[in-house]
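For reference, the structure discussed in these notes is given below.
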Amino acid sequence: MNIPIKTKPLQARLSYPGLLLGATALLATSLLSGMHQVTKSAIAERLAEDLQASLGQVIPDAGYDNDLLASPLLIKTDPINSPTPDGLLRVYRATRQGEIRALAFRQVAPGGYGGPIQLLLGVDPNGKLLGVRVLSHKETPGLGDKLERAKSDWIESFTGRSLDNPTPSQWTVKKQGGQFDQFTGATITPKAVILGVKAGLQWFEQQQRLLLLPIVPKPLAALESATSETTDPSTHYPPLEDAHDPLL
Amino acid sequence: MTPSYRQIIGDGLWYNNVVFSQFLALCPLLAVTSTATNGLGMGLASTVVMLCSSLLVSLCRKLISKEVRIPIFILIIATLVTLVDLAMNAWVHEMHKVLGLFIPLIVTNCMILGRAEAFAFRHPLLPALLDGLMMGLGFTLALVLLGAVREVLGSGTLFAHAGLLLGPAFSGIEITLFAADQGLLLMLLPPGGFLALGLLIAAKRLLERAVQQKSA
Chain G
1 MNIPIKTKPL QARLSYPGLL LGATALLATS LLSGMHQVTK SAIAERLAED LQASLGQVIP
61 DAGYDNDLLA SPLLIKTDPI NSPTPDGLLR VYRATRQGEI RALAFRQVAP GGYGGPIQLL
121 LGVDPNGKLL GVRVLSHKET PGLGDKLERA KSDWIESFTG RSLDNPTPSQ WTVKKQGGQF
181 DQFTGATITP KAVILGVKAG LQWFEQQQRL LLLPIVPKPL AALESATSET TDPSTHYPPL
241 EDAHDPLL
Chain U
1 MTPSYRQIIG DGLWYNNVVF SQFLALCPLL AVTSTATNGL GMGLASTVVM LCSSLLVSLC
61 RKLISKEVRI PIFILIIATL VTLVDLAMNA WVHEMHKVLG LFIPLIVTNC MILGRAEAFA
121 FRHPLLPALL DGLMMGLGFT LALVLLGAVR EVLGSGTLFA HAGLLLGPAF SGIEITLFAA
181 DQGLLLMLLP PGGFLALGLL IAAKRLLERA VQQKSA
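Set out below in structure tokens:
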């Protein structure tokens with residue numbers, strides 16, 4: 001005689017909730033990694049377009065014939081004050097027939113009212129500003145946000161300036177004897193940007209020789225041997241490398 | 001017992017409105033409503049996630065055991081939000097630039113978890129979908145109203161940058177009432193959000209009382 005085996009329904013088993021949770025997590029993870037694979041290249045393209053657009057605003061369109069994004073100069077920066085999460089500052093160089101016509105790089109203005117302000121500076125080889133844009137900021141809406149190009153043309157007052165125009169002591173707001181307008185009700189914000197731009201220009205002046213080294217187009221295969229060849233012991237490079245990096 | 005469709009619609013949009021009656025989802029609400037356009041975008045994105053979450057939870061409600069339902073709801077919602085975030089970043093990038101900051105906030109939107117637990121888990125597919133849609137639209141309504149009040153008082157515009165969010169065809173609804181300098185800055189800051197929300201809730205109560213007295 002058969003004794004009927006009592007089988008509990010699946011859902012009544014003690015292990016069911018755990019298995020269910022595990023299965024759901026597995027499903028969720030695979031969905032997410034699938035989606036990541038599908039969207040990865042499209043997102044990278046969009047980000048490159050964004051970067052191209054903001055570079056286009058600080059480097060005038062005409063006057064160069066290379067792909068700005070193709071080979072940025074990568075410079076290791078102090079990780080604490082780094083403008084980028086990976087600690088590498090990217091300097092984008094616009095060239096015409098191999099000759100550098102303009103450079104663009106990011107700069108942090110630490111003294112903003114709502115935290116650091118991220119700037120993008122475009123300069124010509126002599127250190128004259130071609131354009132400045134604010135990439136991101138947390139300034140008070142309505143007071144400090146006049147630094148956005150969409151809200152006011154204040155940021156254009158930097159165009160054509162350089163470290164000796166105006167004189168160093170005049171690199172501040174008019175209220176303090178400087179050359180630049182302050183905003184009604186907000187002095188800290190424009191001052192922070194002015195000091196940030198000035199610091200960027202000073203950095204450029206210090207690094208000018210390195211930043212303006214001619215770009216030698218190298219075939220990819222020769223890259224590895226080239227890195228050891230070009231390191232001439234007589235010129236002391238700071239940690240600096242010319243890499244074809246897809247990272248933006 | 002499943003309520004009638006009419007009742008679901010009324011509850012979602014007005015009587016049991018997420019913001020004005022349940023006081024849920026205040027974090028994303030106050031964070032994004034400095035303009036009506038931002039509110040609209042956030043509302044629509046939340047509605048999409050809300051619909052998908054209602055669909056999944058209602059379909060799987062027989063499978064999900066009661067003991068682990070909350071972590072499973074959270075997994076479902078967080079996955080949906082991340083999928084929407086990735087998809088928007090890749091394919092509607094301009095909109096993602098406007099809303100990108102706010103999308104992760106949808107995960108913490110108690111409206112979605114609340115409706116999954118209170119409604120979708122206990123009702124069949126169709127009512128659950130309708131409830132999701134109506135709650136989402138009710139939330140959108142609250143976001144747009146609050147955004148409009150704050151935007152008009154704070155920066156003197158209405159639906160600024162709508163063209164950026166909805167496409168150039170909609171740039172016609174952008175209205176400028178007065179120059180931004182004369183705006184009431186307070187309304188754009190977080191305290192202004194609380195003030196405007198309080199006033200809107202009071203207005204809703206007054207309206208309901210007036211209707212009640214009239215019918216009594």
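From first to last, the protein sequence lines are chains G and U.
1 is the number of the first residue of the first sequence in our numbering; add one for each residue after it.
1 is the number of the first residue of the second sequence in our numbering; add one for each residue after it.
By construction, the Cβ of each residue, glycine as well, lies at the ideal position given by its N, Cα and C atoms.
Asked: Is the CB-CB distance between residue 161(G) and residue 89(U) below 8 Å?; Found: no
Asked: Exposed or buried, which one is residue 123(U) when buried takes at least 16 other CB atoms within 10 Å?; Found: buried
Asked: Determine the burial state of residue 155(G): buried for a count of at least 16 other Cβ atoms within 10 Å of its Cβ, exposed for fewer.; Found: buried
Asked: Counting C-beta neighbours from all protein chains within 10 Å, is the total for residue 171(G) 16 or more, i.e. buried, or is it exposed?; Found: buried
Asked: Name the DSSP beta bridge partners of residue 136(G), please?; Found: 118(G)
Asked: Which of the residues in the segment 43-77 of chain U, read from start to end, lie with their CB under 8 Å from any CB of chain G?; Found: 63, 64, 65, 67, 68, 71, 72, 75, 76
Asked: Helix, strand or coil for residue 112(G)? Go by DSSP, reduced to three states.; Found: coil
Asked: Tell me the residue span of the alpha helix (DSSP H) that contains residue 115(U).; Found: 110-118
Asked: Taking CB distances under 8 Å as the criterion, tell me whether residue 87(U) reaches chain G.; Found: yes
Asked: Nearest-angstrom Cα distance between residue 38(G) and residue 136(G)?; Found: 28 Å
Asked: Quick test of the definition: if touching needs 3 or more C-beta pairs under 8 Å, does the segment 38-49 of chain U touch the segment 125-145 of chain U?; Found: yes
Asked: Determine the direct distance from the alpha carbon of residue 166(G) to that of residue 175(G), and round the result to whole angstroms.; Found: 15 Å
Asked: What's the call for residue 139(U), buried or exposed, on a 16-neighbour Cβ count within 10 Å?; Found: buried
Asked: Return no unless some Cβ of chain G is closer than 8 Å to the Cβ of residue 83(U).; Found: yes
Asked: What did DSSP end up calling residue 187(G) once you bin it into helix, strand or coil?; Found: coil
Asked: Using 8 Å for Cβ pairs, my map puts residue 21(G) next to residue 100(G). What's the rounded Cβ distance?; Found: Not really, about 58 Å apart at Cβ, beyond 8 Å.
Asked: With C-beta atoms as the reference, is residue 173(G) less than 8 Å away from residue 132(G)?; Found: no
Asked: Against residue 20(G), what residues of chain U qualify as contacts under a CB-to-CB distance less than 8 Å, listed in chain order?; Found: 63, 64, 65, 68, 72
Asked: Check whether the Cβ of residue 57(G) lies closer than 8 Å to any Cβ atom in chain U.; Found: no
Asked: Output yes or no for whether 8 Å exceeds the beta carbon distance between residue 94(G) and residue 126(G).; Found: no
Asked: With respect to the alpha helix (DSSP H) encompassing residue 29(G), which residues constitute its N-terminal and C-terminal limits?; Found: 16-58
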